[in-house]
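So the structure is just underneath, and the comments pick up after that.
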Amino acid sequence: MLESIRHLLHSIYDVEGIIRTGGPLLVCIIVFIETGFFVGFFLPGDSLLVTAGVFSAAGVIPLKWLLLPVMLCAIVGDQIGYWIGRGAGVAIYKREDSFFFRRRHLQRAHDFYEKYGGKTIILARFVPIIRTFCPPVAGAAQMPYLRYLTYDIFGGAIWVGTMILGGFFLGRTIPNISQRIHYVILVVIFLSLLPAIISILRARRAEQLVAAPPITTSEKP
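In this note's numbering, the protein residues as written are 4 to 224.
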């Protein structure tokens, strides 16, 4: 069982193998699942798109087969997530944890939404896990659909365009970088997790300040 799970995780995070084996179709499917269903929160969205851009620069995949199709899948996937949240409402917050669902991720997305409002739909695209759970949160919050759709189209286009074109220009700028793609993936993963790391550190810092005893000064005689 453990060996099967290990093999599955290796296959999921082998973004180079995914691109070489499945091409644009598999990239589209993964992006669609990551943005449209709760089960997609662990999928390698950012690193997959940047790597796809790098391999596109190397001539493995034509750029025109990536940009618009992946943007469309990212936007359509989010619509499914929105309507799941719209239909389930507050009931999704009472759902029990499972292998494919974590309420703490949903709560993080909810807090993110409360903090940034409508801009969350765009900003969440660049934060792993948050981008998976943000659409149902927006739906459960009864965000007007036309407003949500407008933000989501911009967010999907900016996210996919930034990731793929960033990888593409990186591949054009640095010769043979596709042969060192694992370094690129590590950097992308770090940058993707950086906002979450900063948020956690700030929260802990705030907790320490609240828990610290007040500093008193002795009165002069």
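In this text, a Cβ means the ideal position worked out from N, Cα and C, and glycines have one as well.
Tell me the residue span of the alpha helix (DSSP H) that contains residue i.
i: Ala55; result: 48-60
i: Phe35; result: 18-39
How should residue i be labelled, buried or exposed, when 16 other C-beta atoms within 10 angstroms of its C-beta is the threshold for buried?
i: Asp81; result: buried
i: Arg208; result: exposed
i: Asp49; result: buried
i: Arg23; result: exposed
i: Arg111; result: buried
i: Asp155; result: buried
i: Leu126; result: buried
i: Gly25; result: exposed
i: Gly90; result: exposed
i: Leu149; result: exposed
i: Thr176; result: exposed
i: Gly39; result: buried
Less than 8 Å between the CB atoms is what I'm expecting for residue i and residue j, so what's the real figure, rounded?
i: Leu189; j: Val57; result: Contact flag wrong, Cβ pair sits at about 13 Å.
i: Phe171; j: Ala94; result: 42 Å between Cβ atoms; not a contact.
i: Leu69; j: Ile133; result: Their Cβ separation, rounded to whole angstroms, is 24 Å, which puts Leu69 and Ile133 out of contact at 8 Å.
i: Tyr119; j: Ala144; result: Rounded, the Cβ-Cβ distance is 13 Å, inconsistent with contact.
i: Val79; j: Leu51; result: 17 Å between Cβ atoms; not a contact.
i: Ile33; j: Leu46; result: 5 Å
Residue i: which of the options sits nearest, CA to CA?
i: Val163; options: Pro147, Phe129, Pro139, Met146; result: Phe129
i: Pro139; options: Ile132, Ala112, Lys122, Gly88; result: Gly88
i: Arg107; options: Gly92, Cys137, Asn179; result: Cys137
i: Glu37; options: Leu152, Val63, Ala77; result: Ala77
i: Ile124; options: Gly159, Ile132, Val79, Leu51; result: Gly159
i: Trp86; options: Leu152, Glu99, Thr176, Pro47; result: Leu152
i: Pro178; options: Val18, Gly62, Gly39, Ile32; result: Gly62
i: Ile21; options: Leu149, Phe35, Ile156, Thr54; result: Thr54
i: Lys67; options: Leu28, Ile180, Lys122; result: Leu28
i: Met74; options: Arg150, Ile64, Val30, Leu149; result: Val30
i: Phe157; options: Phe40, Gly142, Pro47, Leu71; result: Leu71
i: Ala141; options: Gly169, Ile64, Gly84; result: Gly84
i: Met146; options: Ile161, His113, Thr135, Glu99; result: His113
i: Leu109; options: Gly121, Pro131, Thr165; result: Pro131
i: Phe35; options: Thr165, Val191, Thr135; result: Thr135
Which ranges would you report for the alpha helix (DSSP H) in the stretch 83-169 if only whole runs of at least 4 residues count? Runs of the alpha helix (DSSP H) inside the stretch 83-169: 106-119, 123-126, 133-143.
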